Each structure stands twice: as C-alpha cells, then as structure tokens.
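Structure record follows, encoded as structure tokens.
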Amino acid sequence: GYNLILLSETWLREDESDAYLLCSNDDYVVFRKDRPSTAEKSRGGGVAILSSSLLNPFLVNTFSCEGIESVIIDIHHTSNCINTPFKSVRICMVYRSPSCASTSLESFLSFITPLIIDTPFLVCGDLNLPTIDWVNFSAPSQNDFLSFASDFRMTQFVNFKTRGENILDLVLCNHNIVFNVNPALPFADHTSIAFSLGVPPPPTREFTPSRKYHLADWDSINHLISSHDWTIALSALDADQAYTYFSDFMNYTLDNFVPKSSPSPISAYPPYLRNLHFQSDRASSLAPNSLLAKKIATRFEKALRAHYVRVESRVIESKNPKAYYSLCKTRLKSSNSAPPAQILIAIRSLSPKCNTSPDGIPNIVYSKCKFSIISPLLIIFNKSLLNNSIPAIWKHAIVKPIPKSSSNSINSFRPISLTCSVTKIFEKILISEITEYLEANNILDPHQAGFRWNLSLNETKCTVVNYGSLTPRTQYFINGIPLSVSPSMKDLGILMQPSLKFNDHVTKIISKARAQVNIMFKCFYSTDHCLYNRAFVTFVRPLLEYCSVVWSPTTVTLANSIESVQRNFTRRLFARCNIPYTCYPQRISLLSLQTLEHRRFLSDLLFLHKSIQGFYSYDHPSLYIISPLTRNLRRAHSLRVSLPFASPKSHSSFVTRTIDRWNVFSNQIVTSSIKHFRSHLLSLPSISFTSDSLLRV
C-alpha cells in the first residue's frame, strides 16, 4: 500500500469522523483541514493527508480562508543512510477552488512562506491554475503562485493532463526528491497521481507471533505445573528471584503447549483482485485518460465492492456476534500469609482475556490454571509479605497513550499502564485485608469517597453554570483564578442548560446519530438488511436513548426531530437493500423496530416502577406522591401516584409523562418483579405520534 495518501475536496465537515476517509485503519494517521461551516459555500473543499504511522508524522499547521484549505505536516525517517542528508520532509496539501479570489491566494502564500525551511518542502494539491505553462514556467499574466514557485526554486513534476485538457493537480518541490510521477487509477473526474519520494522507506512492521490460547493444551499445562516441586524450587530464593523463576517456567511451558500464530499473507485480498488492480494500475500509467484505463478501473472498483459484500455476508451467516462486532468496530472496562482461598477468589475475579503484560503471562493463563498455579503464587506472595519486598517486574508497566477526545494535541492523551496480571491478584488480596481493617476499626468516615488527599485541581477544567433566572450571578475564584461562566455543561453525558431545557442536548445527540448512520452506509457494502439493522440497534440507537428519562422532550418538534434519525435510516436501508418503499410504520414493523418515542415512554414507566419498588434512592416526594384511592374501582391499585404542588418546570418530569398509564395498570402488574414488569411493557402496543405527518414518511 501507499505510505502517504493526499486527498483534496474531501467534502467533510468539522464534526464528521475520520472514518469517512479510511474507516478504522490503524496503519494511518489522519490530518485534515475541512472547509469551515461559516464559509459562503460550506459544503465542498477540504483536504486531508493520510500518513503511515511508521513515518512519524507531525502536524505543523493548517490554513483556511475563502476558497482555500491547506494542511501542512512533517514526516520523519530514522534511517542512518549517509546519502540522505534530510531527516524530515515538509508536505503541504492544498485545495484552491476555481472561484478563489487573488487576495486569498496571497494570504495563503504569505502563510506558508515562513514554513519553508532547509528541509525539502513539497506542495501538492488541486490548485486550479490551468493558464500556467509549467514547461516554460510562464503565464499569460502576472501570477502570484508562479512567482512564489520561482522564488523558492520549485520544480513542478506533473507533465500529464489531470482533468480534461488541463493540468490542475500539481506536485512541486524545492529539492530533487520526487521521482516516478505517473497517473494512477481514474476513480474521480481528476486523474490520480502516484509518485515516489527520494527518502528511505519507513521500517517494515516486524511480525511478532502471538500465542493462540484458544488452541492451548491446558491439561498438559496444568499437569506440568502441579507436578513441579515448587517448595524446593523456591525455598532458597527471595521474592524477586522467586517470581523470575516462576515467570521463566511459565513462559517455557506456554511456548511448548500453546501454538503460535504465523505471518498472514502479504495481501488479504484474493489473487484475482490483486491481478485486476495490477492491470488497472498498468493501464492508467500507459494511457491515463483512455477509455480502456477507465473501463478496467471501473471493473476493479466493482470487483472490490463485491469482495467486501462477500466478507460481510460471511460474517452475517456465521451467526458469530464477536465477528460481527469486530467487523463493525474496524469500520465503525489478619495474617501476613495470603490464604489459597483468597488467591483463588482473586484469580476468579480477573477477566479471562489475552491481555498484554510485561511478563508475557496474560489473565487467561491464570484463569485456566487457577488450581495448579495456587502453590507457586502462595510461596511468592508470602515471601513478598515477610521480606517487605516485591519482584522488580511488578513495578514495570507497558504505557499506552489513549486520546480523551482529539489526538492532535499531546495534552489530550491519558496514559494507560498495562501491568502484570499477578500484581492485580496480589493487589485484590491486599485491598480486601486493608479495607476490612479500616472498617473494623472505624478509621474511615462514612462519607469518605476516596483514599487520596490534597490532589491538585485544574482550574481550567472548572466552570460555573447558573441555573434559573433568579440565581445570583456571583463571580467564583479558585486559587485566585476566576472561573469561566458557561452557557451549558455536560454532566454524566447530559448537556445541561441554565433554563433546564434540553434542546442543545437533543440537537447534539441527533447530530452524532446521523453521523454514525452516514458512516455505516459508507463503510458497509452488503445488501443484507440484518447487518444494518443490528448495527443501528447497537451503535446508533443507544446515542438517542441514553438517560432519556431525564431529557425526553415534551414538544412535538423535538420528538419528531429525534424520530427523523430512525425514519431516515429505515428509508436508506430499504433503498440500499432493494426493498420496495413503504411508509414509516410499515418499515419499522418489517424490521422489528419500535418508534423511538414509544421506547422512551417504556423507559419512563420502567424507571417509575423501579423507583416505587425502592430500586433507586432519591427525594421522590418532590416528583410524585403515593396516593391510593379511598373508593373501590375495578382497576384501582394501592400504588397509584399523584403530582404534588410544584413549579411548572417539574411538570416535564417522567412522572407527568407516565402517570395516566401507570394509574390504570392492574395491581398484579405494578406489584410484579422488575423482570415481569419489563416483559409486560414490551407487549404494549406502540403509541402514535402527535404529528401524523411523521408516520406517513
């Protein structure tokens, strides 16, 4: 594959995912500059650079003004070759619209001029400058870009037409490092360009075989561990030496009884597809704009799509939920001795997974060998407790940076430490003993929520939200730093507004759900409706239903807006799967779905039932009062509720939405268990919308 992919006219908005470009390929790092939503023509434009992570890419800057978007990155190589004096290359990807004003181009050139340093500087993109004669380096009239290229001694390497009779897509560089510039596959109205850079290629990823624990001979492993005399083997060793011996023994045993994976084929694509790609690439190089090249490229594109459909169909037919979710995720948690019983309990609490750890022994080994492995662990733990020392490797961890939000800033990463599985076992034993001692001696305050004191506070993450119009607008300070006032704030995933309305939250979740639906239809090619239906229920619908008891809308407009996500999804699904068009109620019936409004109503009823049954602990008299009738009615029950006198804002609570339905349930239903009550709710007929127009489409 390519180490660098440069894209122009990405047509992405700033809130849209990188999956639109590359699904979830971890081999690439994506750098984008989208056209701002405030631009006169907000749809269109945009550029992106997809760089192999082995090139060590780094974002330098981005630029945007009316008619121009650009992103600049540095790539670095680690080769020690003497013939490569440059350790990095700076790449500028730019898109300039045909209607771009000369002032915008001047601003762009002024922006990138200071970025041109001693290292090679590459300018690529769709510049839409057809009047420039790049052979003679001339233009009919004064051209700022031509002057810029001349001033910095840049060479333009594209000598073939890229759209119609014009050379619109350019590759310029101020050093002679660009080679093999050829036309590539003509998938768009512009001819793609392939070229090589005269820098050492990135290092290949070395294959590291992994143990296939699902094929392990656990009987032989357990027999070998049980038959080993651990008392004699570990008696003369301290805790560190004992664990080193244990770790070496376990790894030797696993190497002999657990098969290892072998390298996968060079390409995961079938031979006929690779051959067709070669033919298309060759035809495009020989005759880039010929009818034959476009015909072979179209054949390759159809064959590639058919291959993806077959892969998706195999996953669906396998009925394997793990394979399905994996496919979706790649495209879309009073003695110094440790008694054996405690070790066994701690091992059982570990998740039996093939996790990565410094000693190479994952959780699944402890889970599968828990009875035979107790003896050496007991000796090691006791040595550690008696000698007040722990094995050195227990202090080591494999640290992986995980981005909190955006991966563009180093400040957005948080370190996740992967430690030895045995340390988790030891830790659980110690915590249980320490906690028991603290509680037995009443050392901890009943309201103590944590065990660490004097933690530093990040004032920049603190904000003030004033709820209600009568709340005094007070200026708050922490450590002398004034806290910013925010018009809204996310609390446990809910966007809270001062007016206690949830319009902003509803708008946000609708936007996220629609983006997820768009990615779904872009990343899948199958025409099996089950694939899309399961993906919607798993990855999209939870976005629209999380904590709906809190924010469920009381207006028809907001309810219709939420429902439009599922309505549009079902319409697109029917079109993709070639199912005859029908109205919305029939579509969701065929797909075994319910309206989102009905599902929110059922959530409200279930929450009320749990509240009355004492499942939740909160001040419910401010929301509802248990008030059984004084006279006998046929359908009356002892858990009827009524609304207390309260402010109008509380009338939008879940009780107001469900009181009429709750009070007509039979006594048998309201007093049933949560499981039986939920089953009864699922049997209720779907409620209709206030707006009939929504049901017709």
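So for the sequence shown, UniProt numbering puts the first residue at 1; every next one is plus one. The C-beta atom is built at its ideal place from N, Cα and C for all residues, glycine as well. On a predicted model such as this, the values are computed, not experimentally measured, just so you know.
Per the Cβ contact rule, the stretch 219 to 232 is in contact with the stretch 368 to 384 (3 or more Cβ pairs under 8 Å). Ser-683 and His-676 have their C-alpha atoms some 11 Å from each other. When the beta-carbon positions are compared, Asp-27 and Thr-10 stay at least 9 Å from each other.
Boundaries of the beta strand (DSSP E) around Leu-172: 169 to 173.
When beta bridges are read from the DSSP output, Ile-49 appears opposite Leu-6, Phe-31. Assignment of Thr-557 by DSSP, reduced to helix, strand and coil, places it in the helix class. For the set Pro-376, Tyr-437, Ser-150, the Cα lying nearest the Cα of Ser-227 is the one of Pro-376. In the three-state reduction of the DSSP assignment, Gln-516 falls in the helix class, which pools H, G and I. Non-local beta-carbon contacts of Gln-475 in its own chain, meaning distances under 7 Å to residues more than five positions away in sequence, involve Pro-482 in chain order. Ranked by Cα distance from Ile-380, the first of Ile-425, Pro-487, Ser-417 is Ile-425. Fully contained in the stretch 113 to 189 are the following alpha helix (DSSP H) runs of length 4 or more, in chain order: 144 to 151.
Distance from the CA of Phe-257 to the CA of Leu-215, rounded to the nearest whole angstrom, comes to 9 Å. The straight-line gap separating the alpha-carbon atoms of Pro-209 and Asp-248 is approximately 18 Å. Val-670 is a Cβ neighbour of Leu-639, given a cutoff of 9 Å. Taking a cut-off of 8 Å for Cβ pairs, the stretch 277 to 294 and the stretch 307 to 317 do not touch, as fewer than three such pairs fall below it. With a cutoff of 9 Å on beta-carbon distance, Gly-45 and Ser-97 are scored as near each other. In the structure shown, Lys-490 falls within a strand segment according to DSSP collapsed to helix, strand and coil. For Thr-231, no beta strand (DSSP E) segment is defined; the enclosing uninterrupted segment is the alpha helix (DSSP H) at 230 to 234.
When rounded, the separation of the alpha-carbon atoms in Arg-90 and Ile-117 is 9 Å. In the same chain as Leu-606, and ignoring 5 residues on each side of it, the C-beta atoms closer than 8 Å to its own belong to Ile-674, Phe-677, Arg-678, Leu-681, in chain order.
Only exposed fits Tyr-467, as fewer than 16 other CB atoms lie within 10 angstroms of its CB. Note on geometry: alpha-carbon atoms of Ile-519 and Arg-534 lie some 15 Å from one another. Per DSSP, the unbroken beta strand (DSSP E) holding Tyr-95 starts and ends at 88 to 96. Just measuring C-alpha positions, the residue of Ile-193, Ile-434, Leu-350, Asn-387 sitting nearest Ser-284 is Ile-193.
Linking Asp-504 to Ile-72 through their CA atoms gives a straight-line distance of about 34 Å. One thing to note: Ile-364 has its Cβ no nearer than 9 Å to the Cβ of Val-422. The beta-bridge partner set that DSSP reports for Asn-61 consists of Ile-72.
In the displayed model, Val-565 falls within a helix according to three-state DSSP. Under the three-state reduction of DSSP, Arg-640 is assigned to coil, being neither helix nor strand. Relative to the Cα of Phe-179, the nearest Cα in the group Gly-164, Leu-122, Leu-55 belongs to Leu-122.
For Val-399, the enclosing beta strand (DSSP E) begins and ends at 398 to 403. The Cβ neighbour count for Arg-299, taken over all protein chains shown within 10 Å, is under 16; the residue is labelled exposed.
Taking 9 Å as the cut-off, the beta carbon of Val-94 is found closer than this to the beta carbon of Val-47. Three or more beta-carbon pairs drawn from the stretch 557 to 568 and the stretch 587 to 607 are found closer than 8 Å, and the two stretches are therefore classed as touching. In this structure, Ile-393 and Tyr-252 do not form a Cβ contact; the two beta carbons are roughly 16 Å apart against a cut-off of 8 Å.
When secondary structure is reduced to three states using DSSP, Thr-423 falls in the helix class.
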